[in-house]
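S.K.:
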Amino acid sequence: MNADTNSSDAYDEEPQGQAWQEDSRDEGLSLGRVPSAREPMDEEGADRGDLDSGRGRGDDVSDDGPAETGDGAAGPGEGEAGSSSGVGGSQGPGGPVGGGGGDGPVGPPRIPLPRSSVEDTGLPLPNAVPEPTPDPAPERPPAQTDPAEPRSAQASSPEQTPGRTDRPEPPSTQTSEPEAPPVEAGPPGVAAGPASVSDGSVVESGQGEGLAPAAAPSAPSSVPFMPLVLEHRVLKALLGAWALAVCSAEEALAVEEHLGTCGSCADEARRLREAVGLLHQPESLDLDPSLRTQVLDSCLGRRPPRIPVPRWAAPYDAEAARLDALLQDIGSADWHTPVRLRWFEGEGPVDRRTTVAGVIAHLLCVDGLVATALGLEDPLDQLEAVPDDRTPEARTEAYWKAAHFPPTRSIRGPWREQSHNIVRTTSFTGDDGTEAVSYGGFELPLRDAMLDRAFECWIHAEDIAEAVDYPYEAPSPRHLHGMIDLAARMLPAALADRRRTGLAAPPAGRHLVSAGAPGRSLRLEIEGSGGGEWLIPLDSPAAVGSAEHEVAHVTLDGVEFCRLAAGHVPPEDAAAGQVGDRAAIRDVLFAAASLSRM
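Residue numbers for the sequence shown follow our numbering, so the first one is 37 and each next one is one higher.
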């Protein structure tokens, strides 16, 4: 017997006081019988029917026996029609015999009570995590049938839903949830059914097993992140904290979303961010050159040393420490950077190309002159190098030739140890520093030799800094003044030496003076830090400078004068101001340049 015949027979046997209401959820269909006012119903049966509604529906209904399943076999719970439970149903007090073929005892009706739906109110649906579904009432095994169970209604009345078949339509694939359809009014005495079914949606099995409810929606694994909703005045007050990056993640997100819609707040935020950038001004990482001296003076002021470093040895101690700090900062590859050593000979400049390591080897050899004068070990003895003479140039060339390989960064250790030993040893010599230090062609007292080594340490440190692009400052004013004073005191002897070799002609009007007597003089004025004024005698190294016999006046910057004495500045371009005898001025400037050496 086909499904249409079974459905027609069921319509004939259905009492007129019963109504059938179509419920939908998620585009699925569920048919449930609505009891009339004459049918009794208890709460237990209604609740159980509500929980079990929509399960165990079959495809065909028969008056005589169990419904035919999709594969031609009848079984408990699969041939039941309508919205009855999975157990087979039979004739009960609620109506005539229904499909399912069960013979179990009579039970209470399992039809859900009328209830209103949320969609009917017109209010927005809450976006919350669905509450867990309560456990259903315990069910009897499907194999046991209840003869008193009311017949489940599979087909609706032809008068109420004309043209319907007993097979529901397949669920729709729409993603958005449609509005709930309005509830049609039933005949008098019939209660209105629910507008929607919350138990689940009905899906159709591909194996013909009937309609089964879809699984309940599972709760999300985590609650979605919801941004804060703050007022405009609160968001504006948070702009300062947002610019400093001290807001919480939620506040920062709320502020950034607000900046995309509020132009005034966006301009204010931009100004605040610019102000925050001004709070962190870029500063040089190089320490103040006088910092070491200040720290040492502060420490020594609290606890004077038992054996202090002499004042005339302090410039060398400071410049050696500054150069050692520069060598500490450069990388291994920088030690092989080419460096050009420059000095002045005769009438023009001379240069010698080497590397950073070669410059430190040169300082090691020339400082060895002071070390040997103090009784320390000569660094040339380690390489068995024998120089032609004791001049700085000869010692340096001998060291470079004796070394089997070009100097590397390993040269820093011996130079650093030697400089420390020189400073430590000078502390035990007393405060006079009168010991003579030979430079081959001339001699200097120990106190002047330490100033000379401090001067050369600074000049060669500038050569290295220029080669490796490292910022380097001039010495402190007190130390710079001592270096300028040494060069000014050496000018008369350098000028006389140039005249003896014919590099400088005797000035016109020259007259002989006795030793210690005043003679013609040039006023050397040094500006800037460490500056001062010196009267340079022009007629004889033994003469005394006198303001009454002044014939010329030269003005230079302090650092510029030191670079002139180092051979780094041409004599023609050195003087900032010249007044008086031009020949005397030229001779003095060239004599200052001739003080330089390798």
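We treat Cβ as the ideally placed atom computed from N, Cα and C, and that holds for glycine. Every value quoted in this text rests on a predicted model; they were computed, and no experiment measured them.
Return the Cβ separation of P428 and Y475 in integer angstroms, given the expectation that the two are a contact with Cβ distance under 8 Å.
M.R.: About 7 Å; that satisfies the 8 Å criterion.
S.K.: Taking H589 as part of the beta strand (DSSP E), name the residues at either end of that continuous run.
M.R.: Run containing H589: V580 to D593, per the beta strand (DSSP E) assignment.
S.K.: Can you give me the start and stop residues for the beta strand (DSSP E) that I458 sits inside?
M.R.: Note, I458: premise wrong, no beta strand (DSSP E); alpha helix (DSSP H) at R448 to T462.
S.K.: Tell me whether L625 is buried or exposed, calling it buried when 16 or more other Cβ atoms sit within 10 Å of its Cβ.
M.R.: Its Cβ being crowded by 16 or more others within 10 Å, L625 is buried.
S.K.: Within a Cβ cutoff of 8 Å, which residues of the same chain sit near D22, ignoring the five residues on either side of it in sequence?
M.R.: Only positions 37 to 634 of the chain appear in the structure, and residue 22 is not among them; the question remains open.
S.K.: Buried or exposed: which applies to E479, given that a residue is buried once 16 or more other Cβ atoms fall within 10 Å of its Cβ?
M.R.: When all chains shown are included, E479 counts as exposed.
S.K.: Is S557 helix, strand or coil by DSSP?
M.R.: If DSSP states are grouped into helix, strand and coil, S557 belongs with the strands.
S.K.: Could you check the C-alpha separation between A627 and L571 for me, to the nearest Å?
M.R.: Looking at the two C-alpha atoms, the distance is approximately 15 Å.
S.K.: Does the count of Cβ pairs from the segment 330-344 and the segment 361-374 closer than 8 Å reach three?
M.R.: At 8 Å Cβ cutoff, the stretches do not touch.
S.K.: Would V395 and R431 qualify as a contact pair, given that the criterion is a beta-carbon distance under 8 Å?
M.R.: Not a contact, by the Cβ cut-off of 8 Å.
S.K.: Scan the segment 498-578 and note each continuous alpha helix (DSSP H) run of 4 residues or more that stays entirely inside, going in chain order.
M.R.: Counting whole runs of 4 or more residues, the segment 498-578 contains the alpha helix (DSSP H) stretches 513-536.
S.K.: Report yes or no: do the segment 455-473 and the segment 375-386 share at least 3 C-beta pairs separated by less than 8 Å?
M.R.: Verdict: no, contact absent.
S.K.: Can you tell me which residues form a DSSP beta bridge with A472?
M.R.: Paired residues: P481.
S.K.: Kindly confirm or deny that the segment 284-293 and the segment 263-276 touch, where touching means at least three C-beta pairs closer than 8 Å.
M.R.: A contact exists between the segment 284-293 and the segment 263-276.
S.K.: Between the Cα of G477 and those of R633, L275 and S463, spot the shortest distance and give me the residue it belongs to.
M.R.: The candidate whose alpha carbon is nearest that of G477 is R633.
S.K.: Going by other Cβ atoms of all chains shown within 10 Å of its Cβ, with 16 needed for buried, is L274 buried or exposed?
M.R.: Classification of L274: buried, given that the 10 Å Cβ count is 16 or more.
S.K.: Please return the same chain residues whose Cβ sits closer than 7 Å to the Cβ of R556, not counting the five positions on each side in sequence.
M.R.: So the qualifying residues of the chain are L574, D575, H585 and V587.
S.K.: Return the chain-ordered list of same chain residues with a C-beta closer than 6 Å to the C-beta of N457, the five sequence neighbours on each side being excluded.
M.R.: Correct list, in chain order: L412.
S.K.: In the structure shown, what three-state DSSP assignment does D365 receive?
M.R.: Three-state result, D365: helix.
S.K.: Where do the ends of the alpha helix (DSSP H) carrying P428 lie?
M.R.: P428 to A438 is the extent of the alpha helix (DSSP H) around P428.
S.K.: Here's the rule I'm using: 16 or more other beta-carbon atoms within 10 Å means buried, otherwise exposed. How should D484 be labelled?
M.R.: Counting Cβ neighbours within 10 Å, D484 comes out buried, since at least 16 surround it.
S.K.: How is L67 classed by DSSP in three states: helix, strand or coil?
M.R.: Reliability fails at L67, whose pLDDT of 41 lies under 50, so the model's placement of it is uncertain and the value that follows must be treated cautiously. Strand at L67.
S.K.: Given a threshold of 16 other Cβ atoms within 10 Å of its Cβ, counted over all protein chains shown, does R269 qualify as buried or as exposed?
M.R.: Counting Cβ neighbours within 10 Å, R269 comes out exposed, since fewer than 16 surround it.
S.K.: Could you check if D182 is buried or exposed, using at least 16 other CB atoms within 10 Å of its CB as the buried criterion?
M.R.: The pLDDT assigned to D182 is 48, lower than 50, so where the model puts this residue is not dependable; a value taken from the coordinates is nonetheless given after this. Under this definition D182 is a buried residue.
S.K.: Let's test the definition: count the other Cβ atoms within 10 Å of the Cβ of T391 and tell me whether it reaches 16, buried, or not, exposed.
M.R.: Under this definition T391 is a buried residue.
S.K.: How would you label I343, buried or exposed, when you count the other beta carbons within 10 angstroms and need 16 or more for buried?
M.R.: Classification of I343: exposed, given that the 10 Å Cβ count is below 16.
S.K.: Any contact of the segment 589-606 with the segment 504-521, i.e. 3+ C-beta pairs under 8 Å?
M.R.: Yes: at least three Cβ pairs fall under 8 Å.
S.K.: In whole angstroms, what separates the C-alpha of C298 from that of A305?
M.R.: Straight-line Cα distance between these residues: approximately 11 Å.
S.K.: Roughly how many angstroms separate the alpha carbons of T537 and G449, rounded to a whole number?
M.R.: So the two alpha carbons sit approximately 41 Å from each other.
S.K.: Here's a check: name, in chain order, each residue in its chain whose Cβ is nearer than 8 Å to the Cβ of L600, leaving out the five neighbours to either side.
M.R.: If we look at L600 and ignore the five residues flanking it on each side, its Cβ neighbours are L592, P607, A610, L625, A628 and A629.
S.K.: In the structure shown, what three-state DSSP assignment does F491 receive?
M.R.: If DSSP states are grouped into helix, strand and coil, F491 belongs with the helices.
S.K.: Determine which residues share a DSSP beta bridge with T391 and list them.
M.R.: Answer is P374, bridged to T391.
S.K.: V345 lies in the beta strand (DSSP E); which residues open and close that run?
M.R.: No beta strand (DSSP E) holds V345; DSSP gives it neither H nor E.
S.K.: For A612, tell me which candidate among H589, V386 and R525 has the shortest Cα-Cα distance.
M.R.: A612 has its Cα closest to that of H589, out of H589, V386 and R525.
S.K.: Since I believe A579 is in contact with V549 (beta carbons under 8 Å), could you give me their beta-carbon distance rounded to a whole number of angstroms?
M.R.: With a Cβ gap of about 5 Å, V549 and A579 count as contacting.
S.K.: Can you give the Cα-Cα distance for E453 and D424, rounded to whole angstroms?
M.R.: In a straight line, the C-alpha of E453 is about 26 Å away from that of D424.
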